[in-house]
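Step one of this worksheet: look at the structure below.
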Amino acid sequence: MVAPSPTSMMPRTKKTKAVGIPTIDLSMERSELSELVVKACEEYGFFKVVNHSVPKEVISRLEEEGTEFFSKTSSEKHQAGTSTPFGYGCKNIGPNGDMGDLEYLLLHTNPNSISERSKTIAKDHPIKFSCIINDYVEAVKELTCEILELAAEGLWVPDKSSFSNIIKDVHSDSLLRINHYPPVKKGKDNWDPSKLQSNNTIGFGEHSDPQILTILRSNNVGGLQISTQHGLWLPVPPDPNEFYVMVGDALQVLTNGRFVSVRHRVLTNTTKPRMSMMYFAAPPLNWWISPLSKMVTAHNPSLYKPFTWAQYKQAAYALRLGDTRLDQFTRFQKQEASKNETDSHSP
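Using the working numbering, read the sequence shown as starting at 1 and increasing by one per residue.
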């Protein structure tokens, strides 16, 4: 199944409804835990994890670095390098004109890349900055692998490392992004409210993440919303001590549509700044992505054409933020089967 593809410019016709978002305690018994992970990935593509293994000091050190960087003057921040794609970015989201009320740092998780970027992002203490980034990346990568292995167990995939091995690869294209959403007030010159949606100020427009899995953490300021498969927007309560997990497009393909990538957006706050950190777990650029053999049967044929991660990234950059990229890689068996059946009955 392919997720619906409403654009970020179109308001929802259904009302927002606050319901419980799945919370998974990672200290639970493993067999039950794997079942809960699969259920959350199927129903929401999104869940919260508690009792995780990421040390609090690793989280707090990264938040301190982010707060210090975003408190600098505009000229100082721009010296960190324009986001092409890595470095500092402001308002522009991607190459196709999408805009948001935010600023951000985008980093590749390769240690050498982090080291080079640290020289411009944190000129006074680049080694300290790179160490803090690397510590955080390693901790959330370990958490990601734990979740992916639980998912594989819950799906009864023979090799429980089928998903996690992809991001453990030394050439993984995983990213770390730190978003900062200043409070938006009408009439404030440098953060003029966005007009993307009639009654809301959009900090980051509706989209799904293209990668395998996203591990998200924010400060204690709300704004994140996820869309259910029925088109309802659910506000996500902030929890600075825990992590939220999002299924990405690549994992939807790997599970042959059993897991669904979650569409989400961020609304800005009028009084408090929001800062969030996202680890995007991704394959190497030359890695072929297609449904695992376990997920394909005669009654459930492959929904997707094989593609490399580089091909998918290229497709993603060619589209607007809110577009559904997977439509380009869907086999559309039902339509083809229907056409073949019609052809067979033709005189």
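Yeah, the Cβ is synthetic: ideal placement off N, Cα and C, and Gly gets one too.
Contact check between the region 108 to 119 and the region 173 to 187: three or more CB pairs, one atom from each, fall below 8 angstroms, which counts as touching.
In this chain, the alpha helix (DSSP H) harbouring residue 152 covers 126 to 154. Looking at the DSSP output, residue 288 bridges to 308.
If you draw a straight line from the Cα of residue 134 to the Cα of residue 72, it is about 22 angstroms long. Setting aside the 5 residues that flank it on each side, residue 77 is surrounded in the same chain by 69, 70, 88, 90, 103, each with a C-beta closer than 8 angstroms to its C-beta; the list follows chain order. The Cβ neighbour count for residue 231, taken over all protein chains shown within 10 Å, is under 16; the residue is labelled exposed. In the three-state scheme derived from DSSP, where H, G and I count as helix and E and B as strand, residue 78 is classed as helix.
In this structure, the alpha-carbon of residue 41 lies about 12 angstroms from that of residue 244. Using a Cβ distance threshold of 9 angstroms, residue 280 and residue 304 do not count as a contacting pair. As the crow flies, the alpha-carbon of residue 202 is around 40 angstroms from that of residue 294.
Shown here for residue 150: same chain residues with a beta carbon closer than 7 angstroms to its own, the five before and five after excluded, namely 33, 34, 37 in chain order. Residue state for residue 300 is assigned as coil, using DSSP reduced to three classes. Nearest in C-alpha terms to residue 239, of all of 267, 45, 49, 318, is 49.
Assignment of beta strand (DSSP E) within the region 198 to 231, counting only whole runs of 3 or more residues, yields 202 to 207, 213 to 218, 224 to 227 in chain order. Between residue 273 and residue 183, the gap from beta carbon to beta carbon is short of 9 angstroms.
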